[in-house]
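Chains as they are written, first to last, in my numbering: chain P, 1 to 294; chain S, 1001 to 1357; chain Y, 2001 to 2336.
For each residue, glycine too, the CB sits at the ideal point set by N, CA and C.
No experiment lies behind these values; they were computed from the predicted model shown.
A quick write-up on the structure given underneath.
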């Protein structure tokens, strides 16, 4: 054959210990960790609700509007219900709505975004539909849907998912468009890779990072919208404790029993903050790394 | 007459993976009006050397950790930032590889040049603009008056490079550092720019440091050449000596690895193979005992892997006398004119020269 | 297998429309490839050289049908593939593969090296599972990489090694033709030599046909058998390598050769003829012969006549009205 081809030496990249790299990661990106830990704590609280909280529905008018004390940590509302329990159970509602909306809108948005980014014919049509949907405010849509059917958690989720899908689709679409023109995609086509495989193996993995970041924002947004809807009475039925309707019910008595509003409000703010921090941290961590290639 | 002296320059970068010894003890002199070429492949430290001279290394990324850079008697490494600003663009100018990113896209060409003049010469705006037009004519930019009011994106790559050169020359620098000035340009435009630079050098009398990876460009423009590898200087010679008798295995390897457009490389009717340099450049985060090139060198012995070779000076045809370290009190190495000493950092220059014969 | 050329191209044209379509009256186009014809025989390397805007990269992609041609004909191993839809084109992709310029963006950073190189084998059903892994390991060895590196990711390889990966992938399906678009331009000199040697060895071993696109004349001289010089979408000279360098007939070829720096200070061209002017943009090419504004030998007729590529001497085609077929190739008299 030919003269010996020197086997190309491998590049040696010194790797530091797992501990060192983890410590490094936390130091460089505290937001992700703070956000994640907070969120994890809240999820834990929601899951352990039956264990840590008393019955949120039990009314005891004799105990109405008690301020926070040893017996009732967050005080009671005008029906004598323990606000601590109601708030803890409210965590379940918010997290359920937030996570479900994030999940569904991500999946649907991903499919639509991929389709639009890849098939030009679909793009023109679908994107206009998306634009139309984005214009509908969730609150009005929810109210409209509820008048057509019974109020419930499911309807709330649907009503919030519909306007959020276009936002996700848009993000996915732009990623797909930018990846399509990458040389490695051309290389795959030249190597005989066909459309479906191209989408699944080459394009899809690169959409996941921005998708996850977007999903966290959708989650935070959904929780706020749900609270707003419940506050207006267009959300979850009033017996089921949601931070929104706890606040709504405490509204008239704000002057004498502010804890009814302040405490669920604080929880809402904290949860949204946790999710946003997670999203911001992920975005900072994932995007430059994608660009930097290592 | 030496105007720039670099002695044992050491620049390091601090990265997640360790300390990168980008420039590891480099010394050279630049005489007034001469063209010094610095040649090497990517990662050899040639650009970092230039940036170190002008103290343009970003503080969070790296630092000059040792050595000295003396310009006309003044120690540049110890100047304050504001004093350094007076030097940049005035006595020592630099032009870069990518004119599009080196020129401000939102300012007109005239404004950018005039700004430089105002800052260093302290003249009024009108005078500065006149000077801008003057230097644009000097670089043979077509229709200079109109160009003053154009933006960088309206010009082609070659024209932008001329603008960069004009800006660099606007305050009559004594030294022009050109970092890969033609790499991003087409061949015919490259020829025009190199020609222009040589012509300007004669007119203005500035010394040029020409940094490139292209040995062809070096052959066309340089009078003296330094070859760098892994942050170290491995060979220094006049351009004729370097090409006629390369004494360092790396230089020799490079020259044999280039496909020549002026020679027909065929053996017995088949296309000849290029002489490869096996392996890859060493990682600079790890200290290299011995010669940096030893792992890829066909002439390497055990000594090479352990003991870093000093620069040997050629005397009477052979590389004998160990060249003294460039310290002011040592043996005067000053060369008059372009010929000067031929230095090579290798224990086995005799075998390299023999192999060429 | 046909005896004809592995790759043949006739009057190939690719125009890109510029936006401003609906409302403007005159549709502006970028004439990236403006009527190109050539053929390449089995085992031969046709080098395509030119500066930016000459259309050589677009030519490579159109020949691969990664971009659809505007008009003309592409014959791959004798079969006309010009009008094949992507689905119908797919089986023919086995015969023609591409090596890219940029080793950093031409490999999917999320896939392992072994997966990338093995993908074409999967696509065409040539090998599966451990059989595929075996073939990939062999390809790795053939291009000078350790088979254990199959599990590594692109960022763990150097530029030269990544380029070898690209070559291994192109070889995987045993193509007849490889289009190499500036395969060594992004590499250091010492690494460039390794990759060029590899490409030449592979060509000799497998009788591959190369369409080798580059701007570097030194590389061209080393690797090509015949060379086509392109300027603004057209071929201005096409001949064998030796003749191109010893007896260039087109003024642009002359200009290119005069401009390229030579690594030999004794051949310093102090006051050589350097062609002036800018490389024009393909959106607004000059009339007649595209080179006429910069040509030192221009005649008034050059502004209006579009010179065809004709065989001026045996085996040497030139597109210049001042070079007449059969005439003695004397130096032209400058007119400016």
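- Counting every other CB atom within 10 Å of its CB across the protein chains shown gives residue 1120 (chain S) a total of 16 or more, marking it as buried.
- For residue 1093 (chain S), the uninterrupted beta strand (DSSP E) run begins and ends at 1092-1095, by DSSP.
- Bounds of the beta strand (DSSP E) holding residue 1209 (chain S) are 1207-1212.
- If you check the CB distance, residue 2072 (chain Y) and residue 2213 (chain Y) do not come in under 8 Å.
- Residue contact check for residue 1033 (chain S) against chain Y: no CB pair falls below 8 Å.
- With respect to chain Y, the C-beta atom of residue 1187 (chain S) has a partner C-beta closer than 8 Å.
- Counting C-beta atoms within 10 angstroms of its own C-beta, residue 178 (chain P) has fewer than 16 neighbours from the protein chains shown and is therefore classed as exposed.
- Here the C-alpha atom of residue 35 (chain P) lies approximately 26 Å from the C-alpha atom of residue 153 (chain P).
- Against chain P, the beta carbon of residue 2120 (chain Y) has neighbours under 7 Å at 191, 192, listed in chain order.
- Unbroken alpha helix (DSSP H) stretches of 4 residues or longer found wholly inside the segment 1119-1204 of chain S: 1125-1138, 1144-1147, 1157-1169, 1187-1204, given in chain order.
- For residue 2015 (chain Y), the enclosing beta strand (DSSP E) starts and ends at 2007-2017.
- Counting only runs that start and end inside the segment 2058-2111 of chain Y, the alpha helix (DSSP H) elements of at least 4 residues fall at 2086-2089.
- With a minimum length of 4 residues, the unbroken runs of alpha helix (DSSP H) contained wholly in the segment 2124-2174 of chain Y fall at 2129-2142, 2159-2171.
- In the structure shown, residue 29 (chain P) adopts coil according to DSSP, grouped into three states.
- Taking 3 residues as the shortest admissible run, the segment 2293-2334 of chain Y contains the following complete beta strand (DSSP E) segments, listed from N- to C-terminal end: 2310-2313, 2316-2318.
- Beta-carbon to beta-carbon, residue 214 (chain P) and residue 275 (chain P) are separated by about 12 Å, too far to satisfy the 8 Å threshold.
- By the Cβ rule, the segment 2209-2226 of chain Y does not count as touching the segment 1301-1313 of chain S, because fewer than three pairs are nearer than 8 Å.
- Contact of residue 1352 (chain S) with chain Y by beta-carbon distance below 8 Å is absent, the smallest such distance being about 16 Å.
- Neighbourhood of residue 188 (chain P) in chain Y, by CB distance below 8 Å: 2108, 2119, in chain order.
- In this structure, Y:2181 is the residue among Y:2153, Y:2147, Y:2181, Y:2090 with its C-alpha nearest to the C-alpha of residue 2220 (chain Y).
- For residue 2117 (chain Y) and residue 2200 (chain Y), the gap between their C-alpha atoms comes out near 20 Å.
- In the DSSP assignment, residue 197 (chain P) forms no beta bridge with any residue.
- Fewer than three beta-carbon pairs drawn from the segment 1013-1032 of chain S and the segment 1191-1198 of chain S are found closer than 8 Å, and the two stretches are therefore not classed as touching.
- According to DSSP, residue 2241 (chain Y) shares a beta bridge with no other residue.
- Residue 1183 (chain S) is not a Cβ neighbour of residue 1221 (chain S), given a cutoff of 8 Å.
- Distance from the CA of residue 2276 (chain Y) to the CA of residue 2294 (chain Y), rounded to the nearest whole angstrom, comes to 6 Å.
- Under the 10 Å beta carbon count, residue 1259 (chain S) is surrounded by 16 or more other beta carbons and is classified as buried.
- Taking C-alpha positions only, residue 2336 (chain Y) is separated from residue 2261 (chain Y) by approximately 24 Å.
- Residue 2048 (chain Y) sits away from residue 1254 (chain S), with the two beta carbons spaced by 8 Å or more.
- Within the same chain, and ignoring the five residues on either side of residue 2081 (chain Y) in sequence, the residues whose Cβ sits closer than 8 Å to its Cβ are 2065, 2074, 2075, 2089, 2092.
- By the neighbour-count criterion, in which 16 or more other beta carbons inside 10 Å mark a residue as buried, residue 2034 (chain Y) falls on the buried side.
- With a cut-off of 8 Å on Cβ pairs, the segment 1029-1043 of chain S is not in contact with the segment 1073-1081 of chain S, counting fewer than three such pairs.
- Leaving aside the five residues that flank residue 1235 (chain S) on each side, the residues in its chain whose CB is nearer than 6 Å to its CB run, in chain order, 1227, 1248, 1251, 1344.
- Rounded to whole angstroms, the Cβ separation of residue 1010 (chain S) and residue 1024 (chain S) is 6 Å, and the two are in contact under 8 Å.
- Chain order gives the chain Y residues near residue 182 (chain P) as 2105, where near means a beta carbon separation below 8 Å.
- For the 8 Å CB-CB criterion, residue 1173 (chain S) and residue 1091 (chain S) form a contact.
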